[in-house]
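Keeping their order, the protein sequence lines are chains V and D.
Counted from 1, the first sequence has number 220 at position 220 by this note's numbering; the numbering is strictly sequential.
In this note's numbering, each residue carries its 1-based index in the second sequence increased by 1000.
All residues carry an ideal CB built from backbone N, CA and C; glycine is no exception.
Step one of this worksheet: look at the structure below.
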Amino acid sequence: MTSREKHNLRHGLAFCSLWFVGFGVFTIYPVLASLYYSFCDYSVLQQPLWIGIDNYRRMSTDVVFWISLKNTLVFAALSLPAGMIVSLSLALLLNTEVRGMPIFRTIFYLPSVVPIVASALLWLWIFNGQFGILNWALRPILGLFGATPPTWFADPAWAKPALALMSVWGIGNSMVIYLSGLQNVPQELYEAAEIDGANWWRRIWHVTLPLTSPVIYFNLIMGIIGTLQTFTTVFVMTGNADGNPARSTLLYALYLFSTAFYDLRMGYASAMAWILFVLIVALTLLATKLMEKRIHYGG
Amino acid sequence: MSPKSKLARLIVYALLFGGAAIFLFPFLWLVATSLKPAEQTMSLPPTWLPRAYYATIDGKRMEVTRDYPAPDRPGYWHITEKPAPKTLAGKPTSAIVSAAEIETKIQPRWDNYHTALATMGGRRPTSAEGAVGVDAQVTFFTFLRNTLLVCVLGVIGAVFSNALIAYSFAKIRWRGRDTMFVLTLATMMVPFPVLMVPLYGVFKWLGWIGSLRPLWVPAFFGSAFNIFLMRQFFRTIPEELSEAARIDGCSEWGIFWRIILPLSKPVIAVVALFHFLWAWNDFLGPLLYLTRRHTFTLALALQDYQSQGGGVQWHYLMAATVVVIIPIVVLFFLTQKTFIKGIATTGIKG
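In structure tokens form, the structure reads like this:
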């Protein structure tokens, strides 16, 4: 090692030293410990007791586990496409050269800075079955068809759609990311397409979407990771980790939390966390596989 | 793309205004509810503006609540005396009067805010109801102080630690650096639930459960995402600048402090802003580590306020919600450009 290399190593390690602590104590140790606990019976109060793959085996017959997994996948299937369509549509709208664009961008982004606790309480009030303003607006419209509006968070069948509707309000981040992707599409391509006689829809389909596909891919992956871990909204709206009504909003993260910190079954909860990790990786790979051929990385 | 025809322009504007109305509507409803007296939050049909009704009962002019239309006399209302908010003197009188005798005024109840802030910590709204609990001294301002502490210390820690670490990854060529960087990026994949249980164990072992420390101390030890963000920025600063300083005998610290940091204000602003927002809004962390009410942050206190006592008092809850939202909305308006640019970069380079 030359003296320069020694100097660099010493300084490199010194500048990085805080991260060695952070990386070790707040990341690597928890990851390894969690993996170990997932094979243990562990309640925090006692030393973990090795039980092999029992936690994982128990999961396969745990009815509540399957309910929470199903709820999460249904919620993701509702909120992910809805969020992606709305945020991409808004970005397309904002990408048109009209006056006042910054004001509209601010308005559409604003809900995303609101604390989740606050927006959850607000929407709980809007969705209130009896006095909520949404149902007041829906009542006369549905009345024409002889129907009454659902009670949303009081109705097991409508609680998840209501959650998904609410999540669409906070799509500001992905909208801004789409917008910056759209602004990178070269103007000449639109002009060329127009000369070739492509109408608005064809320009979107053949120019805009292929060229923004890397951004769509990025938002999809981030969406999968975020949606599968949804916790705060439901916890605040139902006031606890039970997933009321009738376990219809018992999302995976909620069940994991109550297993760990209410039932003190930390080993089982750790095993659940690892299954979640595997699920996220699997869905990410699936999304990559499906989109691979359609992602267009420009020159 | 610019819309060519007049019609296209019109459609774009119609969609923009329609969308903006939908996105703003919840905010308006939030503020409207927060300014109403309790009974008007549950009136049907719902009204936008808070009202006050006045009528004369037994020769005395007083504020009343309009309870329901008299069932057997069309055009008449059942009304009840509205007790002053701070006292509860005797049984309120009620009467049936014609609609024409009720005077209506638009009157926002700013009082709701005062009451909400005072009772967020668990104190009863009126002295008549008594029951001053253990946490009587805990009000909104306790929670605000806790939240600001977590946010400000966290921001200092995040900027300081991530800048140092990112400098090491971007500007110093040390053996093992690239391996360490790949490992760092890989940890971004790990979902929080995996870390949750052992992290709780670490903080319990340190004796930090019940204190604010688990919420801000980790910020002083770097986070993968911010390291990545700052490293990407540092790498755009020409190497010649550091080399020239090195030849002039500047130490590594000097280069970092006097050359790199002053050039990195944009990325520092992004990291500081994102951390502040994240810490202000974080709910799961406080829920895990805070045990007593006087240590709660605003996000946790707001959730706790909802579940206090009997039924939800929507006007107070919405008033408290407005107060929790306002600082963050103001911050967003002041820093919009940094904000939007920050998100856009994370998307493209991520």
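The three-state secondary structure of H1275(D), taken from DSSP, is helix.
Counting other Cβ atoms within 10 Å of its Cβ, V1312(D) reaches 16 or more and is therefore classed as buried. The beta-carbon of P1026(D) is placed less than 8 Å from the nearest beta-carbon of chain V. N184(V) has its alpha-carbon roughly 21 Å from the corresponding atom of P1266(D).
Counted as a single uninterrupted DSSP element, the alpha helix (DSSP H) harbouring A192(V) occupies residues Q187 to I195. Under a 10 Å Cβ-count criterion, F145(V) is classified as exposed, with fewer than 16 other Cβ atoms of the shown protein chains found around its own Cβ. For the pair T233(V) and I116(V), the CB atoms are nearer than the 8 Å cut-off. Take G1121(D), set aside five residues on each side of it, and the residues of its chain with a beta-carbon closer than 7 Å to its own are D1135, V1138, T1139, T1142 and R1293, in chain order. Flagged as an interface residue toward chain V: R1173(D), by a C-beta distance shorter than 8 Å.
Interface flag for Y1167(D) against chain V is set, since a Cβ pair is found closer than 8 Å. Every alpha helix (DSSP H) stretch that sits fully inside the region 1174-1199 of chain D and reaches 4 residues is listed by chain position as 1177-1186. Counting only runs of 4 or more residues that sit fully inside the region 58-105 of chain V, the alpha helix (DSSP H) segments are 63-94, in chain order. L1290(D) places its beta carbon less than 8 Å from that of F1296(D). Pairing E1039(D) with Y1053(D) gives a Cβ-Cβ distance that is not under 8 Å. Contact annotation: V168(V) and V86(V) have beta-carbon atoms nearer than 8 Å.
For F1143(D), no chain V residue has a Cβ inside 7 Å of its Cβ, as the nearest lies near 12 Å away. Proximity of I224(V) to chain D, defined by a Cβ-Cβ separation below 8 Å, is not satisfied.
Selection M1189(D), A1070(D) and F1221(D) evaluated against V1097(D) yields A1070(D) as nearest (Cα-Cα).
Beyond the five residues adjoining it in sequence on each side, A162(V) comes within less than 7 Å, by CB distance, of F127, W152 and F153 in the same chain, given in chain order. Residue range E1103 to I1106 is occupied by the beta strand (DSSP E) that includes K1105(D), with no alpha helix (DSSP H) assigned at that position. A check of alpha carbon separations from I1102(D) across L1199(D), P1074(D) and I1057(D) identifies I1057(D) as the nearest. From the listed residues G181(V), W205(V) and Y42(V), the smallest Cα separation to N219(V) is found for G181(V). Interface annotation, N8(V): in contact with chain D, CB-CB separation under 8 Å. Taking CB atoms only, P1193(D) has a neighbour in chain V less than 8 Å away. If one requires a minimum length of 4 residues, the alpha helix (DSSP H) runs lying completely within the region 1267-1330 of chain D are 1284-1289 and 1298-1307, in chain order. The beta carbons of V1159(D) and F1276(D) sit no closer together than 8 Å.
In chain order, W136 make up the part of chain V whose C-beta sits under 9 Å from the C-beta of P1045(D). For R1066(D), same chain residues with a beta-carbon under 7 Å away, outside a window of 5 residues either side, are Y1053, W1077, I1079 and I1102 in chain order. Contact annotation for W1314(D) against chain V: W125 [CB-CB distance below 7 Å, chain order].
In this structure L1028(D) is exposed. Its beta-carbon is surrounded by fewer than 16 other beta-carbon atoms within 10 angstroms. Note on geometry: alpha-carbon atoms of F1017(D) and F235(V) lie some 33 Å from one another.
Under DSSP, the beta-bridge partners assigned to L49(V) are D41(V).
Residue contact check for E1243(D) against chain V: no CB pair falls below 8 Å.
Contact check between the region 102-122 of chain V and the region 1324-1340 of chain D: three or more CB pairs, one atom from each, fall below 8 Å, which counts as touching. Pairwise C-beta distances place the region 48-58 of chain V out of contact with the region 125-143 of chain V, as fewer than three of them are shorter than 8 Å. In the displayed model, S112(V) falls within a helix according to three-state DSSP.
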